[in-house]
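> Got a structure for you, written out below as C-alpha cells; questions coming shortly.
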Amino acid sequence: MGLIKNFMKILFHLKAKELSTGEVNPKNYPFRDELYATFLGPVDSVKHYELKEITGPIPLQESKDLIDWADKIICIDSYLQHLAWYMGKQAIVLWGQSDPSIFGHPENINLLKNKKYLRERQYGLWTQTSYNKEAFVTPEIIIKTLNERERYHKNN
Amino acid sequence: MKILAYINTYNRTKTLLPIAISSILNQTIKPTTLIIYDENKEFKNPLDNPTLKYLLDLSMEKGIQWHWLPGQRKGAHYNHETANLKDYDFCWFLDDDQVAEYNCLENLLAEITPEVGAVAGLIIKTPSQPLPRDLDGTLNDVWKGQNIQWYKWEGKSKEVQHLYSSFLYRPNISHWDLRLSKKSFRGETMFTHSLFLKGYKLIVTPNAITYHFEGMGGCRSVEEEKSNQEMYDHDNDLFRKWLGVTDKPIIIADNGLGDHIVLRKLLDDHNIKDITIACCYPEVFEGFNCISIHEATQRGYNLDDYNLYKWMEYQQWKGDLYGAYQKLYENIIPPKS
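Going line by line, the protein sequences match chains A and B. Take the first sequence: its position 75, counted from the start at 1, is 75 in the working numbering, and no numbers get skipped. Plus 1000 on top of the position in the second sequence (first one is 1) and you've got the working numbering.
Dropping the structure here:
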C-alpha cells in the first residue's frame, strides 16, 4: 500500500459526539487505530506528515484554525465536513449509515462503502441505530483516495 | 396566612358587583381583607347603598376587614399594583362581573407550593364549552386569541406561561406594567408571565371555578379621550416589545452544529442578515440577532413547527440539508434566480 510521500498536514475527526445512552455513536469510524498506524508507520521510519485529531468539543474558532492549518481533512459525517465545505476546503468524508446525498456536499470527497448500509430512517435518532463497522471503507481505500488526489493535484 | 381579596369596579354597583362581593364572602376559606377599588366617576359611600351595606356588614360578621377606596382612574393595573405592594401573603382578585364558586379560593390555595407564583381557575361564560385540543397554556394561545381558562375541563392542573382575569398570586415579586393604557389590555398576561420569567410556576386548576357574566360597565369601559382601538394597539405594541417580539422574521435552529453551519452558508449565499435566529450555537451566527432556544419557547414559538428533521421526515425529503432549509424557510429565503 503506497503512502503519501510529500510532507503533509492531516486533520482527523473520526469520533462523533457521544450518545446520551452511552452507546458508541454509529457515525464513529471503526478503524481509527489502523488508519493512524498506517500513517505513523514503523517507529524508526522518517515522518512525512503531521497529524492532528479533533477528539472532543473545541471552540468553533479553533476548528476553523485547524482547517486552515490542514492540507488534508479526513472526517466522519460530523460538523467538520460542513465547516470545511463552508470554508471552501475539501474534506474526505467517511460515511457509514447516513446518506451523503442528503447530509453531505458534492464539493467534498464522500466515501460511502455501499448504499445497502444506509439506515432506513435517515432522519431518526442515532440512539435508535445500531453500530455497524461493516458500513465503513477500510483505511486502504482512504489512503488510495488520498494518493489519487495527490497525483491529480500534482498533474493539474 | 394573610390573603387580600380585591375587586376593581366601574358602573356595576347596581348589577353584578354585589354578586361578586357575595361570592367572596361565602368562600370556604375566608380572605383576611376585602378591598373594592371604586373607579366610578363619582365616589359614593357604599354604606348609603342598602345592598352594599348588607354585604359589608356581613363581611365584618365573617371577620373579613373591608375597605372601599376610590380608584386611581388610570386603569385597573394601577389598582392592581397598589394591591401588589401591600403586605399580604397572597392577593386574589375577581373582576366585578364574576362570581366565584364557594370553594374557589380553597382550591386555588391547594395548588400553592413554594415554586408557584400564581394560580388561576376556570373563568366560565355560560354555557360552558369543552377545551379545544390545540391550546396548551403557552403564549401561543395568546397569539391565537385563546385561553385554556375559558373552557370547562377536568383532570390534573396544568402548568402554563400566563394567566388571565381572576387569579391568586404572590405579591411583591413582579409588578403590573403602568405603561399600559387605561384599557390595561394584556396587563394580566404581562404580570403573570413576568412571574414565569422569574422562575415561578403558573398553574391553572380546573377545580377552582369562576363564572363570568358579561354586562355593561367594567373598568375597560371607562370613558377615555383616545379611541378603544388606539389603546388596544398601544397595549399590544407594548406587550410585543416587552416580550422582545419584533417584526424580524425568525429562524429556529434547534439542532446540531453541522446543521447550523449549513444554515449559515444558506444565509450568506442569499445575503440575509436582518432576521432573528434562535439557535444552540450562536458563535456560528456572529453578526446576527441571536436568541436562545429557551427564549424562543418563552416567546411562544412551537419548536416542532421549526424542526428541520421532522419536516424532512414528514416531506420524505430526498434533497440535501441546504435545500431542505431553503424550502422550510422559503417565506424568508427566496430561491436564487
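Glycine included, C-beta positions come from ideal geometry on N, C-alpha and C.
1. Which chain B residues sit within Cβ distance under 9 Å of ILE102 (chain A)?
2. Where does TRP971 (chain B) fall in DSSP's three states?
3. Please report the residue range of the alpha helix (DSSP H) in which MET87 (chain A) lies.
4. Using the three-state DSSP reduction, which class does ASN1236 (chain B) fall into: helix, strand or coil?
5. Is it the case that the Cβ atoms of ILE1124 (chain B) and TYR1211 (chain B) are separated by a distance below 8 Å?
6. What number of angstroms, rounded off, separates the C-alpha of THR1032 (chain B) from the C-alpha of TYR1006 (chain B)?
7. For GLU1283 (chain B), decide whether its Cβ has a neighbour in chain A, counting only Cβ atoms nearer than 8 Å.
8. Could you tell me if GLN1326 (chain B) is buried or exposed, where buried requires 16 or more neighbouring beta carbons within 10 angstroms of its beta carbon?
9. Can a CB atom of chain A be found closer than 8 Å to the CB of ILE1277 (chain B)?
10. Along the stretch 1247-1266 of chain B, where does the CB come closer than 9 Å to a CB of chain A? Name the residues.
11. Which chain A residues are close to TYR1309 (chain B), counting only those with a beta carbon under 8 Å from its beta carbon?
12. So which residues of chain B does HIS13 (chain A) contact, with C-beta pairs closer than 9 Å?
13. Check each residue of the stretch 77-88 of chain A: if its Cβ is closer than 9 Å to any Cβ of chain B, include it; give the result in chain order.
14. Is the beta carbon of TYR1102 (chain B) closer than 8 Å to that of LEU1004 (chain B)?
15. Please give the ranges of any alpha helix (DSSP H) in the stretch 1108-1169 of chain B, keeping only runs that are unbroken, at least 4 residues long and fully inside the region.
16. Go through the stretch 1013-1084 of chain B residue by residue and report every complete run of the alpha helix (DSSP H) that reaches 4 residues or more, in order.
17. Check each residue of the stretch 57-72 of chain A: if its Cβ is closer than 7 Å to any Cβ of chain B, include it; give the result in chain order.
18. Identify the residues that DSSP records as bridge partners of ALA1005 (chain B): which are they?
19. Just how far apart, CA to CA, sit PHE1185 (chain B) and HIS1077 (chain B)?
20. What would DSSP say about TYR1010 (chain B), mapped onto helix, strand or coil?
21. Do PHE1191 (chain B) and ASP1097 (chain B) come within 8 Å of each other at the CB atom, strictly closer than that value?
22. I need the boundaries of the alpha helix (DSSP H) containing SER1292 (chain B), first residue and last residue.
23. Between the beta-carbon of ALA1208 (chain B) and the beta-carbon of LEU1163 (chain B), is there less than 8 Å?
24. How long is the line joining the alpha carbons of PRO1127 (chain B) and CYS1091 (chain B), rounded to whole angstroms?
25. By a C-beta neighbour count over all protein chains shown, 10 Å radius and 16 as the cutoff for buried, is TRP1143 (chain B) buried or exposed?
26. Confirm, please, whether the CB-CB distance from TYR79 (chain A) to LEU1257 (chain B) is below 8 Å.
27. Mapping DSSP to helix, strand and coil, what is LYS1201 (chain B)?
28. Does LYS139 (chain A) come out as helix, strand or coil in the three-state DSSP assignment?
29. Would you grab the beta carbon distance between GLY96 (chain A) and PHE136 (chain A) for me? Rounded to a whole angstrom, and I think it's under 8 Å.
30. Cβ of LEU157 (chain A) within 8 Å of Cβ of ILE10 (chain A)?
31. Assign TYR1329 (chain B) to one of two classes, buried (16 or more other C-beta atoms within 10 Å of its C-beta) or exposed (fewer than that).
32. Just checking, does the stretch 125-144 of chain A make contact with the stretch 1006-1023 of chain B on the three C-beta pairs under 8 Å criterion?
33. By the 10 Å Cβ neighbour count, where 16 or more other Cβ atoms means buried, how is PHE1043 (chain B) classified, buried or exposed?
So, to answer that:
1. Counted from its first residue, the first sequence places residue 102 (chain A) at position 102. Within chain B, the residues near ILE102 (chain A) are MET1312, TRP1317, LYS1318, GLY1319, ASP1320, LEU1321, ALA1324.
2. Outside the modelled stretch of chain B, which goes from 1001 to 1337, sits residue 971 (chain B), for which no answer is possible.
3. As a working note, residue 87 (chain A) is residue 87 in the first sequence. Element bounds for MET87 (chain A): n/a, residue is neither H nor E.
4. Here the question's residue 1236 (chain B) lines up with position 236 in the second sequence. Looking at ASN1236 (chain B) - three-state DSSP - the assignment turns out to be helix.
5. Counting from 1 along the second sequence, the entry for residue 1124 (chain B) is found at position 124. Counting from 1 along the second sequence, the entry for residue 1211 (chain B) is found at position 211. Contact: yes.
6. Your numbering for residue 1032 (chain B) matches position 32 in the second sequence. Your numbering for residue 1006 (chain B) matches position 6 in the second sequence. Rounded to the nearest angstrom, the two C-alpha atoms are 11 Å apart.
7. The residue you call residue 1283 (chain B) lines up with position 283 of the second sequence. Closer than 8 Å: yes.
8. Numbered from 1 along the second sequence, position 326 holds the residue referred to as residue 1326 (chain B). Counting Cβ neighbours within 10 Å, GLN1326 (chain B) comes out buried, since at least 16 surround it.
9. Position 277 of the second sequence, counting from 1, holds the residue named residue 1277 (chain B). No, its Cβ sits nowhere closer than 8 Å to a Cβ of chain A.
10. GLY1256, LEU1257, GLY1258, ASP1259, HIS1260, ILE1261, VAL1262, ARG1264, LYS1265
11. Position 309 of the second sequence holds residue 1309 (chain B). Simply TYR123.
12. Within the first sequence, the letter at position 13 stands for residue 13 (chain A). Correct list: empty, because the minimum Cβ distance to chain B is about 11 Å.
13. ASP77, SER78, TYR79, LEU80, GLN81, HIS82, LEU83, TRP85, TYR86
14. Numbered from 1 along the second sequence, position 4 holds the residue referred to as residue 1004 (chain B). Numbered from 1 along the second sequence, position 102 holds the residue referred to as residue 1102 (chain B). Contact flag unset, no.
15. 1139-1144
16. 1017-1025, 1050-1061, 1076-1084
17. LEU60
18. Mapped onto the second sequence, residue 1005 (chain B) falls at position 5. DSSP lists B:LEU1034, B:TRP1092 as partners of ALA1005 (chain B).
19. Indexing the second sequence from 1 puts residue 1185 (chain B) at position 185. Indexing the second sequence from 1 puts residue 1077 (chain B) at position 77. Each residue's Cα considered, the two are about 9 Å apart.
20. Within the second sequence, numbered from 1, the residue matching residue 1010 (chain B) stands at position 10. Note: TYR1010 (chain B) maps to coil in three-state DSSP.
21. In the second sequence, residue 1097 (chain B) corresponds to position 97, counting from 1. In the second sequence, residue 1191 (chain B) corresponds to position 191, counting from 1. The answer is no: Cβ separation not under 8 Å.
22. For the purposes of this step, residue 1292 (chain B) is identified with residue 292 of the second sequence, where counting begins at 1. Counting along the chain, SER1292 (chain B) falls outside any alpha helix (DSSP H), though it belongs to the beta strand (DSSP E) covering 1289-1292.
23. The residue given as residue 1208 (chain B) occupies position 208 in the second sequence. The residue given as residue 1163 (chain B) occupies position 163 in the second sequence. In this structure, LEU1163 (chain B) does not lie closer than 8 Å to ALA1208 (chain B) by Cβ.
24. Counting from one through the second sequence, the residue named residue 1127 (chain B) turns up at place 127. Counting from one through the second sequence, the residue named residue 1091 (chain B) turns up at place 91. Roughly 29 Å between the two C-alpha positions.
25. What you label residue 1143 (chain B) is simply residue 143 of the second sequence in a count that begins at 1. Looking at its Cβ environment, which holds fewer than 16 other Cβ atoms inside 10 Å, TRP1143 (chain B) is exposed.
26. The residue you call residue 1257 (chain B) lines up with position 257 of the second sequence. The residue you call residue 79 (chain A) lines up with position 79 of the first sequence. Contact flag set, yes.
27. Translated into positions along the second sequence, residue 1201 (chain B) becomes position 201. Reduced to three states, the DSSP call for LYS1201 (chain B) is strand.
28. One-based indexing of the first sequence puts residue 139 (chain A) at position 139. Inspection of the sequence shows that residue 139 (chain A) is occupied by Pro rather than by Lys. Helix at PRO139 (chain A).
29. Here the question's residue 96 (chain A) lines up with position 96 in the first sequence. Here the question's residue 136 (chain A) lines up with position 136 in the first sequence. At roughly 5 Å, the Cβ-Cβ gap stays under 8 Å, so GLY96 (chain A) and PHE136 (chain A) are in contact.
30. The question about residue 157 (chain A) has no answer, for chain A in this structure spans 1 to 156.
31. On the second sequence, residue 1329 (chain B) is found 329 positions in, with the first residue counted as 1. The residue in question, TYR1329 (chain B), is buried, as its Cβ has 16 or more Cβ neighbours within 10 Å.
32. no
33. For the purposes of this step, residue 1043 (chain B) is identified with residue 43 of the second sequence, where counting begins at 1. Exposed, by the Cβ-count rule.
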